[in-house]
Each structure stands twice: as C-alpha cells, then as structure tokens.
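FYI, in this note's numbering the residues of the sequence shown are 35 to 1037.
Please read the structure below before turning to the comments.
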Amino acid sequence: MTSEGSAAELWSWIDEEPDDLIPNPIDPAAVVAVMVVHNAEDWLARHLRSLNRLNPRPGRIVVVDNGSSDSSRAILEQACAVGTIDAVLTGDPRWTFGQAVLHALRGDEPWIWLLHDDSTPMPNALDELLRGAALTGADLLFPKLLQPRRRNYPETLSEIGQTISRSGRRVSTVEAGDIDQGQDQPQEILGGSTAGLLIKGVVWRQLGGLAPELPFHRDGLDLGWRANEAGFRVLTWPEAALNHRQAGMIGLRETVIAEDPHESDRLAALRVVAARGPNPRRKGALVLGSWARALGFLLLKSPRLAGAELRAARRFAAESGRVAELRARSVSMTRDVTPLLPNRHWPIRNAFDKLGSGIAERYRDFTSQESGISIDEMTGDDYAGGPTRRRVFTPVALLTVLLVLGGSLAVRTLFGTGEVFGGGLLPAPASFRDVWSQALSPVVGTAGADAPWLLIAAVLSLLTFGSPQVLVILALTLAPLLAAMSVHSLLRRLEVPQGAAAALAAVWAGAVLLLGLVTAGDIAGMVLAIVLPCLARAVVVIHTDESVGAERLRAPAGAAFWLLIGAAAWPVLWLLAVVAGLVWVVKERQRLVEVLIMVVLPAAFLAPWAPTLFAWPGRILTGPDPLAWPAFSPPATAMFVGRILPSGFPVLVNVIFFGALTLVALHATIRLESSRQRLMVLGGFGVPLLIGALLSRLVVPVHGGEARALLSGWALLVVAALLAPLVVTLTGEEDRPRLDRRIVVGLLSGASGLALAVWALFGFSGPVTNQTSALPSYVRDVTTSSRQTRILMIRSDADGGLTWNVVDADQPRWGSGERNPVGSFEDDYAALVQLFGGGDAPEDLADRLADVAISHVWMRGFSAEQLAAVGNAAGLNRAVADERTVVWTVIGLPSRARILGDAEDLPVADAEIQAAGGEQTLELAEVADGRWQASVGGRRLESLPDRPKATFVVPAELSGTLTWGMRPAWFAFGWQVFVVLALVTLAAPTAGGAASARRGLED
C-alpha cells in the first residue's frame, strides 16, 4: 500500500541519526493527554495504574467523565487527588468521544494524545510515540494495540492501524491474535483506532477534530483518511504499545445509548466509504452488500448481528445528509490515498490466505506428535509444556503414503478401453448432464423422487469436473484411505496415541479391502466405512461439547450430516440411529434437542424417497442399486473369515487377517477392567454378527424384483466391535492393565500390511473390472440416437433355461438397479423371449418388437436350429457378432416415439414431427405416467389420459423437433436443498458466539 518513493522517504532517517541523537526532540510537557471515561469501573483502576507508570508523563492528563452511572467518577476523583491525573471534567452520557475530547481541549495544545478508558499504555508508550514523531516528522502516529493480557500467555496483536475495503470491511495490517514478537515496522497507513493516537494540535484543529457523524466507531479511520488527503503524514509506530480491551466493541460497557455495537460500527463504515464515492450507485451497492452480510449472519445463526446489519443499512439510506456532512469535512485533496486502500481483489486474496492458513494448520496437526510431560520437563528452566515433535513421516503420514501407493498399484488393472463396473457397481453415466438428469428424474409409476444417493453422487461428480467415470476410479482407489483417515480422526478424538491410532486405522482399511467392499463394487460398504467413524466422532463431540446457545447445535448438525449420507446408502442405519437416540434420551433427557436434530434432518432429506420405501420395505435392508447384485450367497463358513463378497483375493489372507484381529481383540477384552465393559464388547460383536448371518439367507422384494439384504454394514459393525477393546486398552489410565503396545501395534500393522500388499498385487481381480460392451458399436449407436431404441439380450444357459435383459442408452447405468428395468412391459418382454427360444417364430415378431421399441435382439448360446427358426420371421436381419452370438436387426427403423395411424403407425425416426391437416396422436413406448411430458418445436403437447402408454395429441399443422421425458422432481430437489441449507446453517460457526466474542466479528 506504500509507493517506493514514500517508503524510501519513510526509512531515510535510519541512516541519518542514531536513536540517541534525535534531532529536535519533542518535549513531553508539550503533550496533553485526553482520556474519556464512561462506566468503566471494572477496568479503570488498572488503566490509572498504567498512567502512573508512564515514563515520561505528558504535560497534562485531562479526563472527561461522560456521565458515568457507576463508581468511575469516584475512582477518578481519587486518582486526581493523588496526582495520577491533572483534572476531571464532567461530560454528558450522550456525548461522542470526539465531543468529549473537544470539551477537554483549550485550543492551543502542541500535541494531543487520545486515550480510551479501556486502553492501558505501556510505560514507554508516549516516549516511543514522541521519538517516532521526531524521527519521521509524522503528524499522526497510531501505536500498536495489543489484546488484553492473559496470565502465562504471550502478548497478542489486536491492531496496528487499519484501512477499509470498498464494502466497508475493516482491513487490519496484522492478523489479530498473532503473537507479538516485535516483527512489525512503521508504515504509512490510512487510519486506525483513536486509542493511543498521537496527533499534532495544529493538524487536529485544521481537520476539525473527530467527525460527529461517526459517534462511536471508525472516527480514527476517518480522521487519518482526511489527514492523508490533506497531505499530512500518517504513520504506524509499533514501538509504542497499548493493551486495548475493546469494551465498546464487544459490549462490555453499559451505556444510556442502548445501541448495538455492530449496528453503530457498520453504520459508521457505510458512511466513511460513501463519503468518498460521488457515484449514487455506490450507495445502492453498499445497501445490497449489507443485505448480503445480513444473510450471511443468519446462516451463522446470529439473528442479532443480522438485525443490526439491516438496521444500519436502513439508517444509512434514510440519513443521507450525514454522509454529505462527512464529505464536506474533507479538506481540498492534495494527495491520492488509493495506494493506502486495499485493491478490489483483496477479498479474494484474503479468502485464499485464510484457506491456505487453515490447510497449513491442519497439516501441522496431521504431522504433529505430542509427547507426555515428564517431571524434569515441568521443573526445567525453560519449561512451557511438553514438546511437540513434527515429522515429515508420522505414523499416519506413513499410512497415507502406503495406502495411496497401494491404491495406485491396484488401479492399474482398471485401465482399458471399456467401462469400470461389476458386482454392485453399475456403469457410470456418460456425462455431467446425464448424471444430473438421472438424479432428478423420478421413477416411472412410483410417486416421489428417485433414490437420494443419486443426487449425492451427482454433487460429488463436481469434484471430478463433471466426470462420473473419473469419480468411480477415484472412489475405488481412495476408499480405503478415506476410511482409514475417518477412523484415525475418531481415535485421535478419543485420545488414542498416534502410533496406535494409525495401526488401528490401518486395520480398518485392511478390513474394508478383505471384506470385498472395494473390489466387489459395494457402494454402500465403501460409504459406510467412511461415514460410520465420522458419525461416531460427531456423537463423541456432542457428548463432550459444553457450548451454550446456538453454538450447541453445531455438533448434532455434524452428526446429522453423516447420518444423512450413511442412510442414503443404507437406509436401515437411520432406524438404528433412532433406536440409539431413544436410549440416549432416556438416559440423558437434556439431549433431546441434539437427538432430534440428528435424526429429523436426515429423515427430512430422505422424505421424497419415502413412497418407494413404503411400497417396498425390503429396500431398507439393501444398498444402492440392489438389482445390480448377482445372486451371491456367501457360505456360512466363509462369513466367519469376512468373505461376505467375492473380493478376488485368496481366502487364506482373510483367515490370517481376521484371525489375528480376533485373537488380539479377545486378549484385549479379557484384560478389560469391568465385566460390564466385556459384556458390551461381546454384545457389540455378537448382535451384528447374528443379524448378518440371518440376513445372509434372506431375499427381500424391491422395485422390479428381489435382492439380498446388504451385509457389509453389519460386517463393519462387527469389525468396529473387535477394535473397541483395543481402543479402551490403549487409552487406559496408568494403573489400568495394558497390552504391550509394541506387540499389538506390530501384529496389527503386519496384518494390515498383508491386506494392502495383496490389494496392490492382485489389484481389481474381483467383480469390478474394466469391461467392454458385448454389443457391436452399430447397435449402441442406434440406442443413443434420436430413436432411443431398446435391445433385447437373451442367453441360452446350459440347463436349457433362458436368461434375458433389456438395455438402452440409460441402462444399465447408475440408478437402473433401483427399479424394474423393463417396467410394466415385463410380460410383453417375457412372451417375446419365449418366442425366440421356442419353435417357429410368428410372422409378426418384428412388429411385436417394434411395438416396445426394440431395434435389435442379441442372442448367445442358441443352436443353429433355434436361430434358423427365428430367421423365418419377416422383418429381421441377421448378423454374426462372434462364434456364439448373433444380433438380429428389426427392419423399419423402430423408435421409442411413433405417430399412430389408422392403417399404419409411423416411427419418429429423426425426432422431427411433420405437419398434418388434422390432429395426430403421438405414442411413446413408455408406461403411462402423469409426469411424462413432450413438446414439438418448443410447444408443450397435451397428454391423453387412460392410455396404457404415454400418449399425446399433436395439434394440426404443428411441426418441429420432438423432445420428451419425465418431468424432473424439482419440488423434491428444492426440498432436499432446503434441508441441506438448514443443516449447513446449524453446523456453521455461530457469529458472536463464545468463541468469537473477544474478537467481536465486527469486520
């Protein structure tokens, strides 16, 4: 903010004179100190003691008591009697600071030193200010303001001058709260607080003193601004320091003017900025900015600050004359102060600085190792607490590197020309638009919205710049790492030592791999492996949180967020949370509000999906895309070694890993102190194990078929129960029996290393692989064209049975396993399949196929006789795909949309509707649903009710491009966005809360 020339001039005095030979030193007797006091009895005595310690003292110290209603006046009279101050004048409680100062001045003072009753100057403060004025020739000097002292804590910075942004935001030259190490140097500044300000008397009088238009705040900034514009020199002088309590800013002072400090500060800021802007649009922009800030304060759960912001904006708009008066106070400008103002990009730069600082702080926490405090350390000469060791490779950092390396090696098997899918993971949508279209489209024939996990996946695709396929690769690669980090965060919250926490986190990641959650494409399992520890950590935060007021709502909102994500992947988790919440409320009734927030918000988010859950309750026990899973029922013996899914890894690895974990957990359980703890561990292990064993044989009805209940959630709960006694043992008191940490950590690390090595070696050798489509490219091109046709795929099994499916451009894709892939046409498709597998095919076979928009039939494993029988049907062309596969093409350009005619139906092959003399009937090969909509040339078509298929009327003479689709579930989406915003609002820090009261949040 300082030009090169001014900077050189500023520092030129360094080489001219040493400090002990100040040219033209200023006599302290020429200084009149003016202090204004109002209701300051709590801190006034300390301030007066600091005046006694001043060396040198000013020529006179005059105090103006602005009508204090407490004992401040008596304290001042006593101080005057003993010579601490020279005079006590009586002011008015409605006077501003500037009016009180004018009351104390005679009009001939060479130098004026302004003091607040809550600012405590250091003994050498005046001496340093006078030295700075003599050395630099400054007309105004702003000292260093320090935050109130705290015992056994270093001094921390509050302010060393300030400037202001275009929106009125206070911009300090230092970061409030930084430790004062004497690191700051003098610099030219726009202005600052009047606390400790030293100003030449002639300059004070020429500028007219402080502006009465700014009665409480920003008056020092305005004074400095006017001084700079008039050509006077305004500097900071950090060598002079005062402790500043900021009693008025944070509301510690009782006044007869019951005005919110934030309101008065914001009003002053608006006036200061507007007084320097001749453009009337600036005023409107400032008011709009205040409305935006008010909204921000509402999101930060501070209606008081939001109301103060709006009141300030209203007063600013209504009292435009005060801005004109403030503008008139500016002396003719002789200097451009633009270099002293932050540029227009300062808010962005400041936001990135804070973000970088936060990331750096997180990294320091990530790589720090706290050691205990020994007796020698506590009694040493330079003790200040236990040492903190920061290493490049702490245990958790080493774990991170190994998991990233292992994932990078394993993912090599997923690269190829096809798509990554398999097991419970269906192919990802092709584009960002497709993934959002899938998330917003409701299910045909079912009320409400589609599964909410699709919306979450669409949002997550933003992280990969709109590429769902890249999101899949990253999820499969990083799921073990994210799961390990979530467990590590929980364990550190429980004060588990860092080495042990890293080992247990590695065990959790190893379990995620060997359970087959990653290589089998278990979306719910991967999500739960990350969410369950985060949810547990949030519950721990709720239990230990001692916040009051709105700040108390942050922890349960965090728990609600993780429960929302987990329940979207595994709905039964919400029911388990409700049961646990009821038990918690029975034991601690004061937790009712927290529990309600934790369970109600996720339920509200899932509400648009409720019709599906009510229609098919079995969906609660499954995960995403339940119909995607092949019929896999794990053997009973395999379940006890964690073989719940086909992972592609040797079974022996599971035996070694889970055997070692079980033995260590059993030993830790035996070493627990109380039988109650042992029973809780056994219950936590046995109950989910029993439920999982029972559900492994259960097939539940879901939309479009049947699916097996999800086992991964129960398996993860079993693993968590095995880790629980280790956590208790490793965090026990000194007198509690402990395991030998080295043996335990070494054994667990070895087992986890084995799991990671197997993953890196075998890669993705389970169901999830990179697969190319079995369909020829020309067939796929037709399904993605404007015709949007379907393909009937039939396979003849060895036992003579037929397996079939229907695919199109949208399935199989994410979400297609949530509903019947053939809809209400299942009977029609089943009948067609039998025609292909039976004797002679009927002559109208091609017409039947076109009626349901099938353009191709893919057949594999059929005999030559069966294929010849199909070939007898008219309207079918045969093409050999490979030695076992034949593809039949339906002649006549079938299309999903067609115009019905009396004699013949005309397919809409190129998505263009031709005009006709009368009305036309448009039929879609889709099950009727009131949410289907179609338009021609941008004109919405009227639907025909009581038809088995979606049917519309095309008016006469209407032509143009046909577009059609399901109406997006905008209401459900808006509701879910509202719930998320409410959750974010509750989880956000509370403005003006206990944690920020000292800072005031008034910038």
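Here a beta-carbon is modelled for each residue, glycine too, at the ideal position from N, C-alpha and C.
Review point. If we call anything under 8 Å between Cβ atoms a contact, is residue 278 one with residue 174?
Key: no
Exercise for review: Let me know if residue 771 comes out buried or exposed under the rule of 16 or more other beta-carbons within 10 Å of its beta-carbon.
Suggested key: Residue placement at residue 771 cannot be trusted, given a pLDDT of 46 that sits under 50; what the coordinates show is reported in the next sentence. Residue 771 is exposed by the Cβ-count criterion.
Check your understanding: At a cut of 8 Å, does the segment 185-192 reach the segment 201-216 through at least three beta carbon pairs?
Key -> yes
Point to revise | Where residue 985 falls, given that 16 or more other Cβ within 10 Å makes a residue buried | key: buried
Point to revise | Beta-bridge partners of residue 983, as assigned by DSSP | key: 961
Point to revise | residue 462, DSSP secondary structure in three states | key: Three-state result, residue 462: coil.
Exercise for review: Assign residue 262 to buried or exposed, taking buried as 16 or more other Cβ atoms, counted over all protein chains shown, within 10 Å of its Cβ.
Suggested key: buried
Check your understanding: What distance in whole Å lies between the Cβ atoms of residue 151 and residue 81, which are believed to be in contact at a cut-off of 8 Å?
Key -> That pair is a contact at about 6 Å.
Practice item. Measure the Cβ-Cβ separation of residue 70 and residue 147 and say whether it is below 8 Å. Key: no
Practice item. Measure the C-alpha to C-alpha separation of residue 342 and residue 129 and round it to an integer number of angstroms. Key: 22 Å
Review point. If we call anything under 8 Å between Cβ atoms a contact, is residue 943 one with residue 927?
Key: yes
Check your understanding: Measuring from the CB of residue 167, is there a heavy atom of the ligand FMN at a distance below 7 Å?
Key -> Absent from the structure shown: the ligand FMN. Ligands present: none.
Practice item. State the Cα-Cα distance for the pair residue 369 and residue 264, rounded to the nearest angstrom. Key: So the two alpha carbons sit approximately 7 Å from each other.
Review point. Based on Cα-Cα distance, which residue from 564, 599 and 295 lies nearest to residue 490?
Key: 599
Review point. Which residues share a DSSP beta bridge with residue 96?
Key: 68 and 121
Practice item. Go to residue 632, then tell me how far its alpha helix (DSSP H) extends in each direction, as first and last residue. Key: 626-640
Review point. With 16 as the cutoff for other CB atoms within 10 Å, does residue 387 come out buried or exposed?
Key: exposed
**Study point:** Extent of the continuous beta strand (DSSP E) run through residue 740
**Key:** 739-742
**Study point:** Identity of the residues DSSP links to residue 456 by a beta bridge
**Key:** 459
Review point. With 16 other CB atoms within 10 Å as the buried threshold, where does residue 124 fall?
Key: exposed
Practice item. Classify residue 906 as helix, strand or coil using the three-state DSSP reduction. Key: coil
**Study point:** residue 922, enclosing beta strand (DSSP E) - first and last residue
**Key:** 919-924
Check your understanding: Do the CB positions of residue 241 and residue 224 come within less than 8 Å of each other?
Key -> Contact: no.
Exercise for review: Have a look at residue 234 and residue 185 and give me their C-alpha separation to the nearest angstrom.
Suggested key: 36 Å
Practice item. Could you please give the first and the last residue of the uninterrupted alpha helix (DSSP H) stretch that includes residue 262? Key: 253-263
Review point. Is residue 522 buried or exposed, if buried means 16 or more other CB atoms sit within 10 Å of its CB?
Key: Answer is buried; the Cβ neighbour count reaches 16.
Exercise for review: Within 10 angstroms of the Cβ of residue 187, are there 16 or more other Cβ atoms? Answer buried if so, exposed if not.
Suggested key: Exposed is the call here.
Check your understanding: Going by DSSP, which residues form a beta bridge with residue 1000?
Key -> DSSP, once it has assigned bridges, lists 966 as partnering residue 1000.
Check your understanding: How would you call residue 835, buried or exposed, if buried means at least 16 neighbouring beta carbons within 10 angstroms?
Key -> exposed
Review point. Quick one: what does DSSP say residue 734 is sitting in, helix, strand or coil?
Key: Correct three-state label for residue 734: strand.
Review point. Taking just the CA atoms, how far does residue 517 sit from residue 939?
Key: 56 Å
Point to revise | One or two residues paired with residue 913 in a DSSP bridge | key: 921
Point to revise | Endpoints, alpha helix (DSSP H) assigned at residue 240 | key: 235-241
Check your understanding: Does the pairing of the segment 724-734 with the segment 682-696 give three or more beta-carbon distances under 8 Å?
Key -> The segment 724-734 makes no contact with the segment 682-696: fewer than 3 CB pairs, one atom from each, lie closer than 8 Å.
Check your understanding: Does DSSP put residue 177 in a helix, a strand or coil?
Key -> strand
Exercise for review: Give the DSSP bridge partners of residue 994, in chain order.
Suggested key: 947
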